[in-house]
Amino acid sequence: MTLTPDELSRYARHIVLRELGGPGQARLKAARILVVGAGGLGAPALLYLAAAGVGRIAVVDDDTVALSNLQRQVLFATADIGRPKVAVAAERLAALNPHVAVEPVALRL
């Protein structure tokens, strides 16, 4: 999988790392990740996965954003209270990195 000029610029700091390089970044772009839960651990993990350029991210959570979530779930804001976590997560990740495809799954596992 080749990287676009925009992706080369976006991920330049990864690409210069000997341990990752261009081939590693291309593998991240081709990767598919499933994150179960968009809460205290899942929310920041989703941000870092999207920022790193993981190509496809599915997020599973059946919960809605609550006021009590906001002090530890960095993906959400006050205006999101009552909204499904997966819907908000998909919006925020798309805004953070438009090169990442996010599949929200509102499901309890």
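To convert, take the position in the sequence shown, counting from 1, and add 10; that gives my numbering. Heads up, the beta-carbon is just placed ideally off N, CA and C, and yes, glycines get one too.
| Check | Outcome |
| --- | --- |
| Proximity below 8 angstroms, CB of Ala105 to CB of Gly65 | no |
| Exposed unless 16 or more other CB atoms sit within 10 angstroms - verdict on Leu56 | buried |
| Alpha helix (DSSP H) runs contained entirely in the region 44-102, provided each spans 4 or more residues | 52-62 |
| First and last residue of the uninterrupted alpha helix (DSSP H) at Ala40 | Gly31 to Ala40 |
| Meets three-Cβ-pair contact criterion under 8 angstroms: the region 20-38 and the region 66-78 | no |
| Chain-order list of residues whose beta-carbon lies under 8 angstroms from that of Arg118 (same chain, five-residue window excluded) | Asp72 |
| Euclidean distance between Cα positions of Leu13 and Leu103 | 19 angstroms |
| Given 8 angstroms, three or more beta-carbon pairs between the region 44-63 and the region 80-95 | yes |
| Buried or exposed by the 16-neighbour rule on C-beta atoms within 10 Å, applied to Ala60 | buried |
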